[in-house]
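There are 2 protein chains.
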Amino acid sequence: MDASRKDIHNSDIPVLCQSCEARHKGMCGVLDASELTALARSTRMVRHEAGAELAAESMPVESYANVMRGVVKLSKVLEDGRQQIVGLQFAPDFLGRLFSKENAVTAEAASDVDLCRVPKPALERLVQENPALEHRLMEQTLRELDDAREWMVTLGRKTAAEKVASFLYLIATQLDPTAAGGRRVFDLPLTRTDIADFLGLTIETVSRQLSKLRADRVVIISGIRHVEIPDLAALKRRCG
Amino acid sequence: MDASRKDIHNSDIPVLCQSCEARHKGMCGVLDASELTALARSTRMVRHEAGAELAAESMPVESYANVMRGVVKLSKVLEDGRQQIVGLQFAPDFLGRLFSKENAVTAEAASDVDLCRVPKPALERLVQENPALEHRLMEQTLRELDDAREWMVTLGRKTAAEKVASFLYLIATQLDPTAAGGRRVFDLPLTRTDIADFLGLTIETVSRQLSKLRADRVVIISGIRHVEIPDLAALKRRCG
DNA sequence: AAAACGCCTTGATCTCGGTCAAGGGGCGAA
DNA sequence: TTCGCCCCTTGACCGAGATCAAGGCGTTTT
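Residue numbers (this note's numbering), protein chains in the order written: chain A, 2 to 241; chain B, 2 to 241.
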């Protein structure tokens, strides 16, 4: 049992939070009814469409957010324009680098996205009053670090074919974590350009490797975005 | 002013801690004299020579540590043996993933290393009693995440020449952060194989690019390990 | 309906970095 | 001292993925 998880009567908490994923699996899970009510006074739900810039590298941080729906991509660029996506965030991930004055990465909406925004000072005050909240955010940060290091292996040591398989595997397990069986169905939240920037490849190579996986019946791709994985284990075997 | 940083009389604190870098710049900086004394009862200084395995991926965590001297490499391997170094730790970095039951990465001594080991339960108890300590560890974790993401750009988008320059730049700024001037002198703490595994290259490519940088007078390499950077800014221009 | 645009796929060719191979040089063992 | 080992360097060649180029398809504009 997680002692920090409060047993909250739905009737005591803000309406918007009642069905919120972040309250169960995200950072708000460690807040009690009064904290949640206080926090909800300063939060604001905002919708962004695909491509919108949510935060720019080296710019001041003015707010944090929880991802409620959609996928956010975190990226960095070299001076000559070469781009690398360094992370993807899914609901109910926390967005933002706690306590830092400026963004270390650029955040963009990869798909249409809903965010629950919190002003920087409001969250920081709450974190100072409630160590359990910092603890929860520490857990997410550690997960992100694990993910980043796992992806470093993909970037540094895998072939193009393995990279594309690894990407599909990542998205399949994040977006459709349902069916205990191996079958997964989802829409790709990223364009070919995004996938290339995530994998350190060109869009041509991504396209060719996707075609190869399709020819080998590892994935069924209908249209440009819709993907079906008949056998997740078979895909995993392609990941290197 | 950092309110959590206690003003400690040296005579009140354990002898071993008095000249310790971790007490000033590392995690112990947030502890007061009594906490430091309590913690010091369970710490143990250990020396490992280059190549020693400090912790293995997927094995249970039995202790945490502060790096007191030397360089520790964190790595991951694929089933077929391909290896990727996913991080380097220098004094006075904290070593270990707080609260996790098993290691996410393998930790090895890259050079000869001194560690100040703390048993897992002792540190976890202290973290629960002192939120400032978790806060300090959160800061280090966030720095590691920044480093990992920065390195993802290097792995995914830089050329071999830029990768090798970036590696030298990283080591130069970590190992010899003295002289405000651009000149840096140090010994490489990693073998060519390690460098290759850190950069996602082969040792032959690393060797060729080092020779090229030497031919271009960007670095002066004496013997195999000793490196002199006459002009750090010139090296940085090679980093992409 | 036609044109124009964005996004993707496929083919042809090129190139950077990998692979294979030979040899140098330092260091410990005998 | 000499041998053998390990680590590194250099050269020759090769191939995975980049680059260059053409065209398909769906959506928006006119």
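Glycine included, C-beta positions come from ideal geometry on N, C-alpha and C.
The beta carbon of residue 117 (chain B) lies closer than 7 Å to those of 23, 44, 46, 66, 67, 69 in the same chain, with the five residues before and after it left out.
In the assembly as shown, residue 25 (chain B) is an exposed residue. Its beta-carbon has fewer than 16 other beta-carbons within 10 Å. Membership of residue 66 (chain B) in the beta strand (DSSP E) is indicated by the continuous run 64-70. Across the structure, residue 229 (chain A) and residue 30 (chain A) are spaced so that their CA atoms are roughly 33 Å apart.
Chain order gives the chain B residues near residue 132 (chain A) as 132, 135, where near means a beta carbon separation below 8 Å.
Counting of Cβ neighbours within 10 angstroms places residue 19 (chain A) among the exposed residues, the total staying below 16. The DSSP assignment places 72-78, 84-91 as complete runs of the beta strand (DSSP E) inside the segment 68-96 of chain B, in order along the chain (cut-off: 3 residues). When DSSP reads this structure, residue 132 (chain A) sits in no beta bridge, so it has no partner.
Residue 177 (chain B) is outside the set of residues whose beta carbon lies under 7 Å from a beta carbon in chain A. C-alpha of residue 219 (chain A) to C-alpha of residue 233 (chain A): approximately 9 Å in a straight line. Secondary structure note for residue 167 (chain B): its alpha helix (DSSP H) is the uninterrupted segment 161-176. Your pair residue 111 (chain A) and residue 195 (chain A) checks out as a contact, with CB atoms roughly 6 Å apart and the cut at 8 Å. CA-CA distance, residue 41 (chain A) to residue 119 (chain A), rounds to 9 Å.
The C-beta separation of residue 88 (chain A) from residue 149 (chain A) comes to about 7 Å, placing the pair in contact by the 8 Å criterion. Among the CB atoms of chain B, none fall inside 7 Å of the CB of residue 73 (chain A). Secondary structure at residue 186 (chain B): strand, using DSSP grouped into helix, strand and coil. For residue 206 (chain B), the three-state secondary structure derived from DSSP is helix. DSSP, read as helix, strand or coil, puts residue 240 (chain B) in coil. For residue 161 (chain B), no Cβ of chain A is located within less than 7 Å of the residue's own Cβ.
Under the three-state reduction of DSSP output, residue 110 (chain B) falls in the strand class. Residue environment: residue 16 (chain A) is assigned as exposed (fewer than 16 neighbouring CB atoms within 10 Å of its CB, all protein chains considered).
What residue 195 (chain A) touches in chain B, judged by beta-carbon distance under 8 Å, is nothing: the nearest beta carbon there is about 13 Å away. Around the C-beta of residue 212 (chain B), fewer than 16 other C-beta atoms lie within 10 Å, and the residue is accordingly described as exposed. Contact check for residue 153 (chain A) against residue 156 (chain B) passes: the beta carbons are separated by less than 7 Å. Residue 225 (chain A) counts as exposed, since fewer than 16 other C-beta atoms from the protein chains shown sit within 10 angstroms of its C-beta. From the beta-carbon of residue 31 (chain A), no residue of chain B is found nearer than 8 Å; the closest lies around 13 Å away. Judged by beta-carbon spacing, residue 146 (chain B) lies beyond the 7 Å limit of residue 134 (chain A), meaning their Cβ atoms are not closer than that value. Under DSSP, residue 227 (chain A) forms a beta bridge with A:188, A:223. From the beta-carbon of residue 205 (chain B), no residue of chain A is found nearer than 8 Å; the closest lies around 16 Å away. DSSP places residue 31 (chain A) outside any beta strand (DSSP E), giving it a letter other than H or E. The beta carbon of residue 101 (chain B) sits closer than 7 Å to those of 62, all from its chain and outside the five residues before and after it, given in chain order. Taking 7 Å as the CB threshold, residue 150 (chain A) lines the interface with chain B.
When the beta-carbon positions are compared, residue 71 (chain A) and residue 114 (chain A) come within less than 7 Å of each other.
For the 7 Å CB-CB criterion, residue 90 (chain A) and residue 73 (chain A) form a contact. Comparing alpha carbon positions, the residue from A:35, A:21, A:14, A:237 closest to residue 130 (chain A) is A:35. For the pair residue 141 (chain A) and residue 95 (chain A), the CB atoms are nearer than the 7 Å cut-off.
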